[in-house]
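Novice: Sharing a structure here in structure tokens format.
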DNA sequence: TGACATACTGTGTGATACATGGTATATGTA
DNA sequence: TACATATACCATGTATCACACAGTATGTCA
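Residue numbers (the UniProt record's numbering), protein chains in the order written: chain A, 1 to 110; chain B, 1 to 110.
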């Protein structure tokens, strides 16, 4: 059905969280996040992002507010201090993983 | 229950596949992989790794053979050409993600 | 003998990416 | 005005996966 197999899909899972936490240093709404990431070569499905945003808010990593109540509804999200702490630990994990992969790559390619 | 939250756990998902595909350029068995990764600061649960190995073999990315049939059974896995191709595309994804994260980090931290 | 390490397997459970389908407003254009 | 398309979000369902829990069986060492 899909071009991208499961193994490739799995690569997105942790990554999207981290990207969102980095991006939302400035307040943005869901649809906008999808477009901005798209322009940077990162494809995130709407139906992946919206639940993720709600989940991150539920856990205290993001805060949100509705904008322009009478116009087209936009829900702006922004990272909280708790979210910054989470971002920090995810970044650490990311970097440790990067080191492991680089080390292994050198072994394989030599 | 666990120290590590879901957001942190999610970081492992794509990563483990890639590490295994890199590591198995040399034939190794499951229990050995867990120990080797452990020594490199990467914690992979046995109950995560064993199914992953079977899954990768099922999809043709790994081949396996049982060793020493009458002694303690060890199942040696090794990457196939198909697995190398998969590894290549996962590495590409990894690098693209790395670029995206680095770009965002610079924006956030400046 | 018995504790512990080694080596693997089967069956849950909960979380999540993505699919499908839907609501509602805004905007461009014929 | 009519109608398509873009914008912006949500609800529900399915498949997959990390990890928990529990078990089998052999090897090793005190």
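All C-beta atoms in this analysis are idealised placements derived from N, C-alpha and C, irrespective of residue type, glycine included. Predicted, not measured: the structure shown is a model, and the values here were computed from it.
Report the residue ranges of all alpha helix (DSSP H) runs contained in full by the stretch 10 to 73 of chain B; include only those spanning at least 4 residues, in chain order.
Specialist: Correct list: 12 to 23, 30 to 39 and 46 to 58.
Novice: Chain B beta carbons: is any one of them nearer than 8 Å to that of residue 108 of chain A?
Specialist: Taking Cβ atoms only, chain B reaches closer than 8 Å to residue 108 of chain A, which makes this a yes.
Novice: Can you give the Cα-Cα distance for residue 65 of chain B and residue 51 of chain B, rounded to whole angstroms?
Specialist: Distance between the alpha carbons of residue 65 of chain B and residue 51 of chain B: 16 Å.
Novice: For the putative contact between residue 30 of chain B and residue 49 of chain B, defined by C-beta atoms under 8 Å, what is the C-beta separation to the nearest angstrom?
Specialist: Indeed, because the Cβ distance is near 6 Å, the residues count as touching under 8 Å.
Novice: Closest Cβ-Cβ distance between residue 101 of chain A and chain B: below 8 Å?
Specialist: Taking Cβ atoms only, chain B reaches closer than 8 Å to residue 101 of chain A, which makes this a yes.
Novice: Just to confirm, are residue 106 of chain A and residue 41 of chain B a CB contact at a threshold of 8 Å?
Specialist: Against a cut-off of 8 Å, the Cβ pair of residue 41 of chain B and residue 106 of chain A comes out as no contact.
Novice: CA-CA distance, residue 100 of chain A and residue 94 of chain A?
Specialist: In a straight line, the C-alpha of residue 100 of chain A is about 10 Å away from that of residue 94 of chain A.
Novice: Residue 19 of chain B versus chain A: which residues are under 9 Å apart at the beta carbon?
Specialist: In chain order: 97, 100, 101 and 104.
Novice: Give the DSSP bridge partners of residue 99 of chain B, in chain order.
Specialist: Residue 99 of chain B is not bridged to any residue.
Novice: Relative to the C-alpha of residue 83 of chain A, which residue among A/7, A/12, A/23 and A/34 is closest?
Specialist: Considering only alpha carbons, the answer is A/23.
Novice: Strictly by DSSP, which residues pair up with residue 79 of chain B?
Specialist: Answer by DSSP bridge pairing, in chain order: B/62.
Novice: Output yes if chain A places a C-beta closer than 8 Å to the C-beta of residue 62 of chain B; else output no.
Specialist: No, because no Cβ of chain A sits closer than 8 Å to the Cβ of residue 62 of chain B.
Novice: CB residue 80 of chain A to CB residue 104 of chain A, shorter than 8 Å?
Specialist: Going by C-beta atoms, residue 80 of chain A is not nearer than 8 Å to residue 104 of chain A.
Novice: Which residues of the UniProt domain "Transcription regulator PadR N-terminal" (22 to 85) of chain A have a Cβ closer than 7 Å to any Cβ of chain B? Give them in chain order.
Specialist: The UniProt domain "Transcription regulator PadR N-terminal" (22 to 85) of chain A vs chain B, Cβ under 7 Å: 22, 23, 25, 40, 41 and 42.
Novice: In terms of alpha-carbon separation, which member of B/44, B/28 and B/89 lies closest to residue 34 of chain B?
Specialist: Cα-wise, what sits closest to residue 34 of chain B is B/44.
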